[in-house]
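Note sheet for the following structure.
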Amino acid sequence: MHGRRAILCALVALAGCGAEPDDGVGGVSASEARALNEAAALLDARSGAARDEAGLNPAARAAAAADRRRMVPTPIPETAAR
């Protein structure tokens, strides 16, 4: 009886183990890797070191272009804020 219960518990535990279709490499899922790449591209574009677009990947090129078109908000004068 205890042997069957142990085998059943082991089978249930192993049923939860399995590879997802979008598993990435190194314990990072594909969507997490994509998000990390996009964040790295954005940081590269902001650093100023990656302004040469010839060496940028497509995500970094898009982030650099978006960063260049960004408008800095104008501060509200203190008299108008009250």
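The sequence shown begins at 1490 in the numbering used here and counts up by one.
The C-beta atom is built at its ideal place from N, Cα and C for all residues, glycine as well.
Item to complete: Give the single residue among E1527, P1566, L1532, P1564 whose Cα lies nearest to the Cα of C1547.
Response: In the sequence shown, the residue the question calls residue 1547 occupies position 58. According to the sequence provided, residue 1547 is Pro. The question's Cys does not apply to it. That would be E1527, whose Cα lies nearest to the Cα of P1547.
Worksheet entry | For P1547, the three-state DSSP class (helix, strand or coil) | Numbered from its first residue, the sequence shown carries residue 1547 at position 58. Residue state, collapsed to three classes: helix.
Worksheet item: Skipping 5 residues on each side, what residues in its chain have a beta carbon closer than 7 Å to that of A1552?
Response: As a first step, residue 1552 must be located in the sequence shown, where it is residue number 63. Closer than 7 Å at the Cβ level, and outside the excluded window around A1552, lie A1530, L1531, A1534.
Worksheet item: Just the Cα atoms here: how many angstroms apart are R1493 and A1499?
Response: Looking up residue 1493 in the sequence shown gives position 4. Looking up residue 1499 in the sequence shown gives position 10. When rounded, the distance between both Cα atoms is 10 Å.
Item to complete: Could you have a look at S1520 and say whether DSSP puts it in helix, strand or coil?
Response: To locate residue 1520, count along the sequence shown from 1; it is residue 31. Looking at S1520 - three-state DSSP - the assignment turns out to be helix.
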